[in-house]
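Protein chains: 2
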Amino acid sequence: MKIRRVAIDTHPENTAFLLRAGGEFAPEQFQAMRKVAIGDCTASILATLAIVDDERLLAPGEIGLGEQAFRRLGLPDGAEVSVRQAPPPHSLEFVRRKIDGDTLEDAEIGEIIRDIVAYRYSPMEIGAFLVACAGFMTTQETLALTRAMADAGRRLHWPPGAIVDKHCIGGIPGNRTSMIVVPIVAAHGLVMPKTSSRAITSPSGTADTMEVLASVDLSAAKLKAVVEREHAVLAWGGRVNLSPADDILISVERPLRIDTFDQMVASILSKKLAAGSTHLLIDIPVGPTAKVRSQAEAVRLRKLFEYVGRKLGLILDIVFTDGSQPVGRGVGPVLEARDVMAVLRNDPAAPADLRERALMLAGRVLEFDPDLEGGAGLARARVLLESGAALAAMERIIDAQGRRAVAPELGALEYDVRADQRGSVAAIDCHLIARIARAAGAPMDKGAGIDLLRKVGDRVLQGDVLFRIHAESAAGLAFARELAAASPAYSVAT
Amino acid sequence: MKIRRVAIDTHPENTAFLLRAGGEFAPEQFQAMRKVAIGDCTASILATLAIVDDERLLAPGEIGLGEQAFRRLGLPDGAEVSVRQAPPPHSLEFVRRKIDGDTLEDAEIGEIIRDIVAYRYSPMEIGAFLVACAGFMTTQETLALTRAMADAGRRLHWPPGAIVDKHCIGGIPGNRTSMIVVPIVAAHGLVMPKTSSRAITSPSGTADTMEVLASVDLSAAKLKAVVEREHAVLAWGGRVNLSPADDILISVERPLRIDTFDQMVASILSKKLAAGSTHLLIDIPVGPTAKVRSQAEAVRLRKLFEYVGRKLGLILDIVFTDGSQPVGRGVGPVLEARDVMAVLRNDPAAPADLRERALMLAGRVLEFDPDLEGGAGLARARVLLESGAALAAMERIIDAQGRRAVAPELGALEYDVRADQRGSVAAIDCHLIARIARAAGAPMDKGAGIDLLRKVGDRVLQGDVLFRIHAESAAGLAFARELAAASPAYSVAT
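Protein sequence lines correspond, in order, to chains A and B. If you're matching positions, the first sequence starts at 1 in this note's numbering and goes up one per residue. If you're matching positions, the second sequence starts at 1 in this note's numbering and goes up one per residue.
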């Protein structure tokens, strides 16, 4: 059959189109051909089949390919291909055994991940694997999953020596410490090639906030060049294809909101392994509305990180931090970038909690330096920040990545949420603050977000502003206002 | 926006098509709009969105609907509708809690099933629910699932009195006892409206085999009319929309091959409840290649049936049968119909195992008759069969449903699989026999299948025919031969 490109985008699924009355297949064969293999001797893909009844879309003898399937197959329009019923990938047998409660071997998990990265699984099949894993996984399975995910994409290689990194498991709005830690560590001279994700369910990821200041969409070559010159980088990891299995699994985990410790450890450590890290600081915020809600849970997660990290040859330091309320004042790309630069500039008005937390984390990363006296990390970090060395390093990193000619501005539409009684702020719901900021438009609208004018423990009078919503669009402002009115994010105790 | 019907069939998913450059939505909105709600004040559906880049397919201001979405929405081409991002169904929260290991309340399971039947779940989300349930379910959850499934579709109502039924959990090729039990019971005078499925993974379902003799695709009204006249019917259940949730769940269970006891009990009892049964005999074959492989498993399944059945007010009788080898000689619609009619005609050459098993089951169904002396069921069943009363009842049922004018014939292409040594048949693999018969073309090709010329215990010489493959197409014959050569379905012990 001949390929015909069909201008329909069915991301993330490959779709192929076949004429019902084309004569190539009997009606009952279509039933068995939910999934087809299409290709020639050089390339082949699997696709889900849609049946077409309109000869204006497809001629007999043609197989239509949606945009994504066409791109992934990589053959020219009109190329001659064979089309046949695709047998389900053999590794689905392992998924079925996992559903039945079996424990899988390393090689079996490796085959599942390779098939997923080759787009041989439908979202339904990926979901089945993830849900079965969410039921029960041994630490050995988590290790095998991490290794298989790291092996399935590109790996970055660096000259010998310590390659340090830090990662926060997330969940705390405004917790933008990486953009302070990286320039401090770079100023010290350690190599810290930090790749970050964009926001998935949060109002901003490190990549989204850094993008307010500089380009983050760097090729692998460009990324290496920046690190060679400045010891560090703050780039978007998506571009360099580190652990593509992670990106695919996340695309299914997100709608199902699967967020187990096993998946978290495999996701984080596979990305770090692929990025070539040797030393890694992991920040686990603990709080009633954070991802980890108790000390006992935090210890369980730490042990899983330690087990898998050690087996992979990573040197880990794990720190529990206060996850009881948002960090800093700004939530959303422009607002967070404002706070970060205020800390780096030693602005007296900069949020003290963000500064102290970043210094503590930078100090622990500096402790990875064998030449530094044990326990001297925090003091060294403070010197590098207060001397302006960290700010200078940040400016150099921004220039090396490509400074934004016109910086995005804070959203001009505002709405103030005020205290309805006097008292003191007893709690701020991290989850709700994140949802309101997203409703306002963050991270797509860089200037949208929330400015937290009061933090836990602050005294307020009735009518005082608790937080200010910023938006770029009237719809975003209205949506955020509505959500803020429906569910109070602040509790004020009298 | 205006509806435009698009001649693309994406069963089982609803698909909507939107022009990328249509001006109605900003590019970043598409990302959030994987699923959209489309409708007016009278009707509304959810659909997965595909993005179109070709204005010949869609004009700006139009929303394309695939065949299935168009049919389910039921509005005319060109109708004015609103299109908006569909919030995920609220019941997905319950699915997430189930993934996390929680036990769900009756009302929560009810909401999940109602949303599934309203096509608000994607296959991925249905898969997540099923896999989470496969991990662990309480008996109370299984009961709630069964009730919710029975409540979600049509229910048949009958005059007061016992409405008897029988059901085999399947897995044994050739085990076509229902078509013998039903006419015996009808001849006795009990009411037995038997609805059956078509084959899903087997070479023939009762509906497929009955269709060799009569029409099985009966409307609810026609089905009732047949039962009124003949006390019984042997119809395809799919037409009357009993437990549509079951059909949807099975479409996801099949590719994932989820086959837990909980799903089996919920599937069977929800269908029987919806069909209005009051008394039900369940046949559980036990054998090394059957669905239930040990006595201990069979007891566990029986207890689950008993618990759920009692809570639903069904009177159950559960019987364990020999599932060590296929029953009768023929496997496939035409061959099985031949065996069934031979038993009903009291043909001395009819397979004795099929006859005796059907008599035993019919006897136990007759025990449901309060007017029959306890223990007299089997003798009564034998009288009804041997007197020709059962055959006469079957002929009346066939005529009432609509006798096939031209009966399908046995596939003319044959291939004999022979013993490669002398000895006695030690075992026959039910699973492999089913796969070979399907490869030959059954149940789509009614005349395709397998004729078992030897059974377990029979003595054979080298070169004797063990079984004969029948096919209607050369491809089917070749495929079945290949499979039979690769994996021997018979073991012959010397």
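For glycine and all other residues, C-beta sits at the position ideal for the given N, C-alpha and C. Please read all numbers here as calculations on a predicted model, not as lab measurements.
Neighbour-count burial assignment, B/GLU482, 16 or more Cβ in a 10 Å radius: exposed
Identity of the residues DSSP links to B/GLY449 by a beta bridge: B/HIS470
Per DSSP, cross-strand counterpart(s) of A/TYR490: A/ILE428
Members of the segment 121-133 of chain A near chain B, C-beta cut-off 9 Å: SER122, PRO123, MET124, GLU125, ILE126, GLY127, ALA128, PHE129, LEU130, VAL131, ALA132
Opposing strand residues paired with B/PHE17 [DSSP bridges]: B/ALA50, B/GLY64
Among B/VAL252, B/LYS446, B/VAL83, the one whose alpha carbon lies nearest that of B/MET124: B/VAL252
Option nearest B/THR103 by Cα separation, candidates B/VAL131, B/ASP115, B/SER122, B/PHE136: B/PHE136
Test: B/THR10 CB closer than 8 Å to a CB of chain E: Absent from the structure: chain E. Protein chains present are A and B.
Assumed close pair B/VAL212, B/PRO333 - CB separation to whole angstroms, cut-off 8 Å: 5 Å
Spatial distance of A/ALA440 from A/ILE200 (CA atoms): 16 Å
Ranges of the alpha helix (DSSP H) found wholly within the segment 222-290 of chain A, counting only runs of at least 4: 244-256, 261-274
Below-8 Å beta-carbon distance, B/GLY411 vs any chain A residue: no
Cβ neighbours of A/ASP53 in the same chain (closer than 6 Å, five flanking residues each side left out): ARG20
Range covered by the beta strand (DSSP E) that runs through A/PRO499: Chain A is shown only over 1 to 494; residue 499 of chain A falls outside these bounds and no answer can be derived.
Opening and closing residue of the alpha helix (DSSP H) in which A/GLU395 lies: 389-401
Under 7 Å by beta carbon: chain B residues contacting A/VAL52: ALA7, ILE8
Within 8 Å, strictly: CB atoms of B/ILE86 and B/VAL117: The sequence given here has Ala at residue 86 of chain B, not Ile. Cβ atoms of B/ALA86 and B/VAL117: not closer than 8 Å.
Test item: CB-CB of B/VAL492 and B/ALA419 under 8 Å: yes
Per DSSP, the bridge partner or partners of B/GLU306: DSSP output for B/GLU306 lists no bridge partner at all.
Proximity of A/SER487 and A/ASP458 at Cβ, strictly below 8 Å: no
Neighbour flag for A/VAL252 against chain B, beta carbons, 8 Å: yes
Cut-off 6 Å between Cβ atoms - residues of its own chain near B/ASP445, not counting five sequence neighbours on either side: GLU472
Residues that DSSP places opposite B/PHE479 in a beta bridge: B/PHE479 pairs with nothing; no bridge assigned.
CB contact check: B/ILE112 to chain A, cutoff 8 Å: no
C-alpha distance - A/ILE163 paired with B/VAL308, whole-angstrom precision: 60 Å
Integer-rounded CB distance, given that B/LEU366 should sit under 8 Å from B/ASN359: A small correction: the amino acid at residue 359 of chain B is Leu; Asn does not occupy that position in the sequence shown. Between B/LEU366 and B/LEU359 the Cβ distance is about 10 Å, and since that is not below 8 Å, they are no contact.
Buried versus exposed call for B/HIS90 [16 or more other C-beta atoms within 10 Å across all chains shown]: exposed
Minimum Cβ-Cβ distance from A/ILE258 to chain B less than 8 Å: yes
contact_flag[the segment 188-200 of chain B, the segment 228-238 of chain B] where n(CB pairs < 8 Å) is 3 or more: yes
C-alpha gap between B/ALA392 and A/VAL95, whole angstroms: 50 Å
B/ARG72 and B/TYR119 closer than 8 Å at C-beta: yes
Buried or exposed by the 16-neighbour rule on C-beta atoms within 10 Å, applied to A/GLY496: What is shown of chain A runs 1 to 494, which leaves residue 496 of chain A out entirely.
Residue closest to A/THR177, alpha-carbon to alpha-carbon, out of A/LEU385, A/SER219, A/ASP464: A/LEU385
Enclosing beta strand (DSSP E) for A/MET192 [first to last residue]: 192-196
Buried versus exposed call for B/HIS157 [16 or more other C-beta atoms within 10 Å across all chains shown]: exposed
Minimum length 4: unbroken alpha helix (DSSP H) runs contained in the segment 64-92 of chain A: 67-73
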